[in-house]
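S.K.:
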Amino acid sequence: MRPRKATQRFWRQGEPFVWASGAALALTLSMTAVLLGVVLRNGLGVFWPSPVAEVELADGTRLLGEELQTQINPDTGVESVKFKVGNMEDGPAFRWVEKRVIRKKFYPPGAFVLERLTNMNYYGTFQDLQTPGWESTTEGTPAERLDAALAAVRDQYNQVVQPLADQQAAVAEELKSRLKYQILRAEYDRKHRLAEGAAPDADAVVRLEKHLAELRADEQRLKQKSDRLTAELSEKEANLRRNVAIFRDAQGREKPIALLDIVRYTRPNQMGFGSKAAHYGAKIWELLTADPRESNQDGGLYPAIFGTVLMVFLMAATCFPLGVVAGVYLGEYAKEGPLVRLVRIAVNNLAGIPSIVYGVFGLGFFIYLIGGQFDAWFFPERVEAGEPVFGQGCILWASLTLGLLTIPVVIVSTEEALRAIPRGVREGSYALGATKLQTLWRVLVPMASPGMMTGFILAMARAAGEVAPLMLTGAVKNAPVPLDSTFPFLHPDRQFMHLGYHILDISCKSPNVEATKPMVYVTTLLLLLIVLSLSSVAIYLRSRMRKRYYMRAI
Amino acid sequence: MKTTRTTPTMPSTPEPIQHVMKLPPPHVAGVSRDPSAAEGIRDPIVRSQNLHLYYGATEALKDITLDFPRHDVTALIGPSGCGKSTFLRCLNRMNDLIDGVRTTGVIELDGRDITDKSLDVIELRRRVGMVFQKPTPFPKTIYENVAYGLRIAGVRRKAVLDEIVEKSLRRAALWDEVKDRLHDSALGLSGGQHQRVCIARAIAVDPEIILMDEPCSALDPRSTTRIEDLIGQLRGQYTIIIVTHNMQQAARVSDWTAFLYEGALIEFGPTDRLFTKPQKKETEDYITGRFG
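Those protein sequences? They're chains A and B, same order as listed.
Using our numbering, you'd call the opening residue of the first sequence number 1 and step up by one each time.
Using our numbering, you'd call the opening residue of the second sequence number 555 and step up by one each time.
#1: Select from the region 421-435 of chain A all residues with a C-beta closer than 8 Å to any C-beta belonging to chain B, and list them in chain order.
#2: From which residue to which residue does the alpha helix (DSSP H) around F487(A) run?
#3: Going by DSSP, what residue range makes up the beta strand (DSSP E) through K104(A)?
#4: Of all the CB atoms in chain B, is at least one closer than 8 Å to the CB of R548(A)?
#5: Pull the bridge partners of H606(B) from the DSSP assignment, please.
#6: To the nearest angstrom, how far is the alpha carbon of V81(A) from that of G274(A)?
#7: Quick one: which chain B residues come within Cβ less than 9 Å of M447(A)?
#8: Taking C-beta pairs closer than 7 Å, name the residues in chain B that V328(A) reaches, listed in chain order.
#9: What would DSSP say about G45(A), mapped onto helix, strand or coil?
#10: To the nearest angstrom, how far is the alpha carbon of V685(B) from that of I763(B)?
#11: In whole angstroms, give me the CA-to-CA distance for P633(B) and L814(B).
#12: Just to confirm my understanding: we take T118(A), look at its own chain, exclude 5 residues before and 5 after, and list those with CB closer than 7 Å. What are they?
#13: How big is the Cα-Cα spacing for D505(A) and L651(B)?
#14: Of the residues that make up the region 779-797 of chain B, which ones have a beta carbon closer than 7 Å to any beta carbon in chain A?
#15: Using a Cβ-Cβ cut-off of 8 Å, state whether V443(A) counts as contacting chain B.
#16: Hey, P450(A) and R341(A) are a contact pair by Cβ (cut 8 Å); roughly how many whole angstroms apart?
#17: How big is the Cα-Cα spacing for G106(A) and N87(A)?
#18: Could you have a look at Y280(A) and say whether DSSP puts it in helix, strand or coil?
#19: In whole angstroms, what separates the C-alpha of D783(B) from that of R710(B)?
#20: What are the boundary residues of the beta strand (DSSP E) that I763(B) is part of?
#21: Short check: CB of R755(B) to CB of Y702(B), under 8 Å?
#22: Any idea which residues DSSP pairs F83(A) with across the strands?
#23: Going along chain B in order, which residues have a C-beta closer than 7 Å to the C-beta of Q438(A)?
#24: Could you round the C-beta distance between C644(B) and L678(B) to whole angstroms and report it? I think they count as a contact, below 8 Å.
#25: From the DSSP output, read off the bridge partner residues of V600(B).
#26: From what residue to what residue does the beta strand (DSSP E) around N478(A) run?
#27: Can you list, in chain order, the residues of its chain with a C-beta nearer than 8 Å to that of E466(A)? Leave out the 5 residues immediately preceding and following it.
#28: Between the Cα of K683(B) and the Cα atoms of M801(B), E816(B), I796(B), P824(B), which residue gives the shortest distance?
#29: If we cut at 8 Å on Cβ distances, does L651(B) have a partner in chain A?
#30: Look at the Cβ atom of Y697(B), then the Cβ atom of L736(B), and state whether they are nearer than 8 Å.
#31: Three Cβ pairs or more, each shorter than 8 Å: is that satisfied between the region 427-442 of chain A and the region 663-682 of chain B?
#32: Relative to the alpha-carbon of L663(B), which residue among F622(B), G654(B), G637(B) has its alpha-carbon at the smallest distance?
#33: Which bits of chain A does M684(B) rub up against, with CB to CB less than 7 Å?
#34: Skipping 5 residues on each side, what residues in its chain have a beta carbon closer than 6 Å to that of L350(A)?
#35: Bridge partners of W810(B), per DSSP?
#36: Taking 8 Å as the threshold (beta carbon to beta carbon), is Y702(B) in contact with chain A?
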């Protein structure tokens, strides 16, 4: 029977439902697109050199800097422009200027933007070089002269300072990581021997005393060497620092800037597309390979990238096998009953626990309990000295905590994937005389592997983006890459940097939020790209598995 | 219906079903059967005695006593839910995989009780192979599918595996179709080929008995014909027990037929006799299509 009214027909045909679901999809997609758009727009543009404007204001002051944004005050209707003027030692690096007081605006072709090791960017024009360290030519364009001077200072640095710095670092490393702990150990041993009531002249104590004295002498010698090297180093550096380039800012103030401090310079108003692209490439390279500087506001993100990826791999290496084995047990071996159902509910609900709770758990369980116990057995002297090894946050515990956080996803998807395999396949294997284990390993696990991979992808994406648990289990603001030339080369007992934590740190804990804003976008974009590329690899692997284990007509 | 069997077929008998073809007597030397009496099987390979099977409280098989002759094809027929598949699955203890199944009575394989809990089911299943209703090739290459049973039994030598895989595929009448792509995924084959892979896989471990649980019900008529031909070729080397819904098929391929109804064995006898002169009313009703 046909509904009489058009409205009735409308509802009967389910039209509104189609619309509602379509709208919901469109809404979520557009929100995602907006988020991605904002990140891409702001993140990708950070390293592209923008033109440097010089403005003259009504009161006669002049500014030189990058024009960032325009804003209209809703109350007064006054339009203001934000300039990044840099030169932090002379005042704020960002200036809001009312548009109506701008008398003149132009783009001086000779404007330099210097990227410096400290105090961020300098905007100005080149005046002269003062290089007591060597003869510098007075001929050529400013850029040629500056290039030559920068090359010379880098040469000298590499020849004179770098070897000293390397030597000093090696001595410091020897002192800090080897000798210090050996002395701690010896002192600890001596203290406990004496406490046990051994006679002072007992052989062991005498030997210990002798050993300790040797170590102390060694330490003394190294300390002296280190001091000597440090003094020499600072002297050489100060010498080199005397070679300066003199720049003049928009106000006409001259400023000598040590050539050593200049990381690189640009003249955006003169750059063509090619040189801008080259600069962009160089900045991206720096981002991917260099350490951060200026309290994370500038420089690269290599330690954070390394930390994030290493953490995800460690997490995967622990959570994936465990989750798969647990899922296999639940799906194949556990006898269905109230207990198993309860376990299943509990596993599903684990995914809903706030991640900070995992962080607290990781802190209590991994760091204090396991790490603390481990330290008590193997490094008691370091615990006494207040320098625990595993009893503090480190990349190992952070990875395990995240593994715990993501394991439910792997368990559930493994179980589901096993359940989806038709019974006939199992029976086919059993009927050939296969044992349960053989069936599992040779047939079921390969067939379930794409499903397991799905869980793995979800787990990985979640782990890479998680920050809260890391704050409590070992992510820090600044740490070297946990990879070096001392045994065991990769140090899971070190604190580490993480891109997600880096975002939190520079966006919320930085003294100069304005200055770190571009870096926040870049870091966000980088984290998204890393998650994307990690899961792309996993998705590619999954599609290969699917092709291989695709079941038709079964 | 026309079959392509190599053995001569006899003209169809008018009673009780017009289109059922009668089978020739068994052609294996040394094995003869007395067509007049089902009880007179001289050399049974499997003897089921007073077998009862319970799914929880439900009695699915009721007191089945039945001898399966060696090297012959025996068909189990009956309406859906009569227990023929369940009975078949008792013969290689596949019912162990289902919770809540319990049996009483005895099934002897060459005099050894296979319902015994202490029996090594792995060993049993190597002697009693099985082909299922839905073909279930493993997601491996054709070669690895056929070699699966050997590999799990610990055969490692490539020469041995190669030889047995080829022999099994030839016996399963699949060799010519797949010899050039042995190392392609078995999943890429057609449904009929899938089932022949499964048969080759079962043959490869050299069982004494092959159980077939409606092996053609998911296949098209052409593939069905090929599988039936194959059963004809395997007769004499293997004891085959086949469950089928299709009475023409039972008549075409089997030497002996057992009719089960509601969990009980109604009648057992040589196929031609059971189809032409059924001794029980239920059998006659069923094969003439009055119910079922």
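We put the CB at the ideal spot given by N, CA and C, even for glycine.
M.R.: On the basis of the data shown:
#1: P422, G424, V425, R426, E427, G428, S429, Y430, A431, L432, G433, A434, T435: these are the residues of the region 421-435 of chain A whose beta carbon lies less than 8 Å from some beta carbon of chain B, given in chain order.
#2: Position 487 of the first sequence, counted from the first residue, corresponds to residue 487(A). Where F487(A) is concerned, there is no enclosing alpha helix (DSSP H), given that its DSSP letter is neither H nor E.
#3: Taking the first sequence and counting its residues from 1, one reaches residue 104(A) at position 104. Where K104(A) is concerned, the enclosing beta strand (DSSP E) starts and stops at 102-106.
#4: Along the first sequence, one-based indexing puts residue 548(A) at 548. Closer than 8 Å: yes.
#5: For the purposes of this step, residue 606(B) is taken as the residue at position 52 of the second sequence. Residue pairing by DSSP places H606(B) opposite T658(B) in a beta bridge.
#6: As a working note, residue 81(A) is residue 81 in the first sequence. As a working note, residue 274(A) is residue 274 in the first sequence. About 29 Å.
#7: As a position in the first sequence, residue 447(A) is number 447, starting the count at 1. Near M447(A) (Cβ distances below 9 Å), the residues of chain B are F692, P693.
#8: Your numbering for residue 328(A) matches position 328 in the first sequence. Ordered by position in chain B, no residue passes the 7 Å Cβ test against V328(A), which lies about 17 Å from the chain.
#9: Here residue 45(A) refers to the residue found at position 45 when the first sequence is read from its first residue. G45(A) sits in coil when the DSSP states are folded into three classes, being neither helix nor strand.
#10: Here residue 685(B) corresponds to residue number 131 of the second sequence, with the count starting at 1. Here residue 763(B) corresponds to residue number 209 of the second sequence, with the count starting at 1. So the alpha carbons of these two residues sit roughly 11 Å apart.
#11: Looking up residue 633(B) in the second sequence gives position 79. Looking up residue 814(B) in the second sequence gives position 260. Across the structure, P633(B) and L814(B) are spaced so that their CA atoms are roughly 8 Å apart.
#12: Along the first sequence, read from residue 1 onward, the residue named residue 118(A) stands at position 118. The answer, listed in chain order, is D261, E294.
#13: The residue labelled residue 505(A) in the question sits at position 505 within the first sequence. The residue labelled residue 651(B) in the question sits at position 97 within the second sequence. Looking at the two C-alpha atoms, the distance is approximately 57 Å.
#14: If you check each beta-carbon in the region 779-797 of chain B against every beta-carbon of chain A, none falls closer than 7 Å.
#15: Position 443 of the first sequence, counted from the first residue, corresponds to residue 443(A). Residue-level contact check: V443(A) touches chain B, since one or more beta carbons of chain B fall below 8 Å from its beta carbon.
#16: Taking the first sequence and counting its residues from 1, one reaches residue 450(A) at position 450. Taking the first sequence and counting its residues from 1, one reaches residue 341(A) at position 341. At roughly 26 Å, the Cβ-Cβ gap does not stay under 8 Å, so P450(A) and R341(A) are not in contact.
#17: On the first sequence, position 106 is the one that residue 106(A) refers to. On the first sequence, position 87 is the one that residue 87(A) refers to. Going by the sequence as given, residue 106(A) is Phe instead of Gly. Going from the Cα of F106(A) to the Cα of N87(A) covers about 19 Å.
#18: On the first sequence, position 280 is the one that residue 280(A) refers to. In the three-state reduction of the DSSP assignment, Y280(A) falls in the helix class.
#19: Start at 1 with the first residue of the second sequence, and residue 783(B) comes out as number 229. Start at 1 with the first residue of the second sequence, and residue 710(B) comes out as number 156. For D783(B) and R710(B), the distance between alpha carbons rounds to 32 Å.
#20: Taking the first residue of the second sequence as 1, we reach residue 763(B) at position 209. Where I763(B) is concerned, the enclosing beta strand (DSSP E) stretches over 763-767.
#21: Taking the first residue of the second sequence as 1, we reach residue 755(B) at position 201. Taking the first residue of the second sequence as 1, we reach residue 702(B) at position 148. Yes, they are a contact pair.
#22: Counted from its first residue, the first sequence places residue 83(A) at position 83. Answer is E67(A), R95(A).
#23: Here residue 438(A) refers to the residue found at position 438 when the first sequence is read from its first residue. For a Cβ distance threshold of 7 Å, residue set I706 of chain B lies close to Q438(A), ordered along the chain.
#24: Here residue 644(B) refers to the residue found at position 90 when the second sequence is read from its first residue. Here residue 678(B) refers to the residue found at position 124 when the second sequence is read from its first residue. Not really, about 11 Å apart at Cβ, beyond 8 Å.
#25: By 1-based counting over the second sequence, the position of residue 600(B) is 46. Paired residues: F622(B), L663(B).
#26: Along the first sequence, read from residue 1 onward, the residue named residue 478(A) stands at position 478. No residue range can be given for N478(A), since it is assigned to no beta strand (DSSP E) and is classified by DSSP as neither H nor E.
#27: Residue mapping note: residue 466(A) aligns to position 466 of the first sequence, counting from 1. Around E466(A): S355, L402, L405, G500.
#28: As a first step, residue 683(B) is located in the second sequence; it is residue number 129 there, counting from the start. The question names Lys, but residue 683(B) in the sequence shown is Gly. Closest in alpha carbon position to G683(B), among M801(B), E816(B), I796(B), P824(B), is I796(B).
#29: Counting from one through the second sequence, the residue named residue 651(B) turns up at place 97. At least one CB of chain A lies nearer than 8 Å to the CB of L651(B).
#30: Locating residue 697(B) in the second sequence gives position 143, where the first residue counts as 1. Locating residue 736(B) in the second sequence gives position 182, where the first residue counts as 1. Yes.
#31: The region 427-442 of chain A and the region 663-682 of chain B touch, with no fewer than 3 CB-CB distances between them shorter than 8 Å.
#32: Here residue 663(B) is taken as the residue at index 109 of the second sequence, counted from 1. Of the listed residues, the one whose Cα sits closest to L663(B) is F622(B).
#33: Position 130 of the second sequence, counted from the start, is the residue given in the question as residue 684(B). Against chain A, the beta carbon of M684(B) has neighbours under 7 Å at A431, listed in chain order.
#34: The residue given as residue 350(A) occupies position 350 in the first sequence. Excluding sequence neighbours, L350(A) sits near P408.
#35: The residue given as residue 810(B) occupies position 256 in the second sequence. According to DSSP, which records beta bridges pairwise, W810(B) is partnered with T628(B), P824(B).
#36: Here residue 702(B) corresponds to residue number 148 of the second sequence, with the count starting at 1. Contact of Y702(B) with chain A is assigned, a C-beta pair being separated by under 8 Å.
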